[in-house]
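Encoded as structure tokens, the structure appears first; notes follow it.
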Amino acid sequence: MLDINLIRQNPDYVAKSLAKKGYEVDFADFLTKEAKKREIMGEVEKLKATRNANSALVPQYKKEGKDVAELIAATKAIGEEIAAKDKAIAELDKELTDFMLSLPNMPDDDLLPGEKENNKVIRTFGEKPKFDFKPKSHIELCEELGLIDYERGAKLAGNGSWIYRGMGARLEWALINYFIDEHLADGYEFVLLPHMLNYECGLGAGQFPKFSDDVYWIDNKSETSKFLLPTAETALVNMYRGEVLKESDLPKKFAGYTPCYRREAGSYRSEERGMIRGHQFNKVEMVQYTKPADSDKAFEELVGKAERLVQKLGLHYQVSKLAAGDCSASMCRTYDIEIWIPSMGIYKEVSSASNARDYQARRNNTRYRNEETKKLEYVHTLNASGLATSRLFPALLEQCQNADGSITIPEALRKYMGGIERIEKPTK
RNA sequence: GGAAGAAUGGCUGAGCGGUCGAAAGCGGCGGUCUUGAAAACCGUUGAUGUGAGAGCAUCCUGGGGUUCGAAUCCCUAUUCUUCCGCCA
Numbered sequence: 002m003l004d005i006n007l008i009r010q011n012p013d014y015v016a017k018s019l020a021k022k023g024y025e026v027d028f029a030d031f032l033t034k035e036a037k038k039r040e041i042m043g044e045v046e047k048l049k050a051t052r053n054a055n056s057a058l059v060p061q062y063k064k065e066g067k068d069v070a071e072l073i074a075a076t077k078a079i080g081e082e083i084a085a086k087d088k089a090i091a092e093l094d095k096e097l098t099d100f101m102l103s104l105p106n107m108p109d110d111d112l113l114p115g116e117k118e119n120n121k122v123i124r125t126f127g128e129k130p131k132f133d134f135k136p137k138s139h140i141e142l143c144e145e146l147g148l149i150d151y152e153r154g155a156k157l158a159g160n161g162s163w164i165y166r167g168m169g170a171r172l173e174w175a176l177i178n179y180f181i182d183e184h185l186a187d188g189y190e191f192v193l194l195p196h197m198l199n200y201e202c203g204l205g206a207g208q209f210p211k212f213s214d215d216v217y218w219i220d221n222k223s224e225t226s227k228f229l230l231p232t233a234e235t236a237l238v239n240m241y242r243g244e245v246l247k248e249s250d251l252p253k254k255f256a257g258y259t260p261c262y263r264r265e266a267g268s269y270r271s272e273e274r275g276m277i278r279g280h281q282f283n284k285v286e287m288v289q290y291t292k293p294a295d296s297d298k299a300f301e302e303l304v305g306k307a308e309r310l311v312q313k314l315g316l317h318y319q320v321s322k323l324a325a326g327d328c329s330a331s332m333c334r335t336y337d338i339e340i341w342i343p344s345m346g347i348y349k350e351v352s353s354a355s356n357a358r359d360y361q362a363r364r365n366n367t368r369y370r371n372e373e374t375k376k377l378e379y380v381h382t383l384n385a386s387g388l389a390t391s392r393l394f395p396a397l398l399e400q401c402q403n404a405d406g407s408i409t410i411p412e413a414l415r416k417y418m419g420g421i422e423r424i425e426k427p428t429k
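Residue numbers 2 to 429, in this note's numbering, belong to the letters of the first sequence in order.
Laid out in structure tokens, this is it:
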């Protein structure tokens with residue numbers, strides 16, 4: 002949620018900023034209604050003051066033996082007027098709140114406007130591997146090495162679902178363990194979260210109401226039903242919803258592992274065979290709560306951490322600074338870490354690091370007490386994948402494949418795989 | 001799944017229709033004392049909106065209702081506790 006006072010004070014600035022995300026908005030109607038609401042509130046407060054005063058007179062009159070019937074009748078009339086105005090306020094307020102909730106976050110000033118085409122690669126690590134043989138795609142490798150069972154996965158759960166088998170399951174699990182150990186070493190608290198969340202989580206993270214059809218609902222969608230989380234971020238940024246944190250508790254740093262469940266309806270499935278885009282994938286997610294002044298530093302830390310995870314595996318990737326329109330609705334800035342997938346000839350996102358600043362904290366009311374000013378302030382929330390396996394896994398297979406069809410396991414992963422150095426074709 | 005009880009400020013906890021934004025204690029902050037600290041004692045200590053300010057309004061889990069007036073009564077949702085049942 003944006004700061005309503007900023008909209009009141011400088012609607013043009015906000016509109017211009019949102020336009021960089023391709024979001025056209027006119028605040029005129031909103032501001033009129035907002036002013037109207039204030040006006041009615043002023044009236045109603047005066048009426049309430051009168052009612053309160055009258056009500057206080059009732060016991061006094063009774064003590065003095067005066068008749069209170071007239072006073073009560075008059076006050077009742079005021080009460081009816083209050084009720085009518087309160088109703089008008091509630092209606093306006095609902096409208097205003099819905100509007101506020103629908104607004105995306107403002108992109109940072111240094112971002113380019115527009116969509117993907119304006120993303121900028123800001124650095125790369127490693128080089129595209131050169132093969133002196135015809136490299137295979139991860140789909141071929143997975144099938145030949147028996148790592149992923151696409152057919153039976155589809156049999157169990159339909160298109161976009163697969164089964165990790167044997168060494169494939171071990172490699173997947175090794176990646177997750179590797180990520181978690183790295184985060185623990187950096188002082189992040191490891192958390193395992195519920196996968197079924199209530200509506201408020203989606204609202205607080207900024208995914209709802211707009212993207213409520215992108216998730217799986219356990220029962221029919223409603224505000225009392227639960228949905229399967231599309232990313233651990235949805236849970237992590239809601240942990241302190243409605244709470245006031247101590248300044249000394251900040252920053253809070255979390256690493257949570259969950260599968261991520263996404264409908265991916267109308268997606269690029271046909272172009273993205275294999276495990277590039279599925280309805281369920283594993284991800285370790287990092288989230289930080291910081292003081293506003295510290296969030297830029299935290300952002301760099303998160304990007305650096307995600308990069309290091311890929312670097313230690315020795316895989317080639319690039320970092321893109323996203324244009325305003327490619328940042329998700331809740332975010333002020335996002336850097337993507339994109340890994341090279343040889344068979345596709347493109348880079349695919351394995352991590353998305355974002356700074357939401359106070360947008361999510363305003364939505365879910367997460368604040369801290371500023372020790373200096375003694376005032377309550379909104380925290381900043383940031384998140385970064387660390388990492389998603391479903392893109393990393395195929396990239397690893399393809400980048401680390403050998404002429405004989407085997408895969409060399411990166412050094413950093415071996416201790417999580419019982420020391421295995423290579424995945425070979427099964428003999429049987 | 002059934003039954004009963006509970007939810008109050010940073011925390012513990014009193015209040016059960018009018019002077020209650022809410023006793024008391026703890027904690028926090030300021031002070032006295034002390035070389036310093038502790039203890040003791042004194043004072044102070046919620047948030048939001050609005051207003052230049054005095055003030056006014058709102059907030060006792062969320063929502064709705066009764067009433068001139070609700071922390072207090074009623075309905076409802078959520079959560080917690082206890083008991084019973086079922087079960088990995």
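Glycine included, each C-beta is placed from N, C-alpha and C at the ideal position.
Quick check on residue i: buried or exposed, where buried means 16 or more other Cβ atoms within 10 Å of its Cβ?
i	result
residue 387	buried
residue 75	exposed
residue 346	exposed
residue 185	exposed
residue 364	buried
residue 339	buried
residue 195	exposed
residue 306	buried
residue 228	buried
residue 128	exposed
residue 14	exposed
residue 21	buried
residue 133	exposed
residue 183	buried
Do you know offhand how far residue i's Cα is from residue j's?
i	j	result
residue 109	residue 383	14 Å
residue 315	residue 131	14 Å
residue 180	residue 426	27 Å
residue 140	residue 217	27 Å
residue 419	residue 190	26 Å
residue 192	residue 59	57 Å
residue 341	residue 421	24 Å
residue 187	residue 10	41 Å
residue 235	residue 72	54 Å
Looking at the secondary structure, which residues open and close the beta strand (DSSP E) in which residue i lies?
i	result
residue 379	377-379
residue 119	No beta strand (DSSP E) contains residue 119, which DSSP labels as neither H nor E.
residue 338	334-342
residue 246	245-247
residue 191	190-193
residue 369	368-370
Per DSSP, which residues does residue i bridge with? Please list them.
i	result
residue 384	288 and 355
residue 227	199
residue 321	122 and 337
residue 253	290
residue 350	339
residue 218	228
residue 281	262
residue 408	402 and 424
residue 150	164
Since residue i is in the alpha helix (DSSP H), which residue starts that stretch and which ends it?
i	result
residue 308	296-313
residue 392	390-400
residue 163	Neither: residue 163 is in no alpha helix (DSSP H) and is coded neither H nor E.
residue 361	360-365
residue 330	Residue 330 -> no alpha helix (DSSP H), and no H or E assigned at all.
residue 42	29-65
residue 12	12-20
residue 87	70-103
With a threshold of 7 Å, establish whether the CB of residue i neighbours any heavy atom of the ligand MN.
i	result
residue 241	By its list of ligands, the structure shown contains no ligand whatsoever, and the ligand MN lies outside what it can speak to.
With a threshold of 8 Å, are at least 3 pairs of Cβ atoms found where one atom belongs to the segment 66-86 and the other to the segment 30-50?
A contact is defined here as three or more CB-CB pairs under 8 Å, and the segment 66-86 meets this definition with respect to the segment 30-50.
Counting pairs of Cβ atoms below 8 Å between the segment 386-405 and the segment 292-299, do you hit three or more?
no
Check whether the segment 190-210 and the segment 161-171 are in contact - that is, three or more C-beta pairs closer than 8 Å.
no
With contact counted as at least three CB pairs below 8 Å, one residue from each stretch, are the segment 91-110 and the segment 318-333 in contact?
yes
With a threshold of 8 Å, are at least 3 pairs of Cβ atoms found where one atom belongs to the segment 250-263 and the other to the segment 287-295?
yes
Should the segment 341-358 be regarded as contacting the segment 94-105, the criterion being three or more beta carbon pairs within less than 8 Å?
no
I want to know whether the segment 151-167 touches the segment 275-282 - three or more CB-CB distances under 8 Å.
yes
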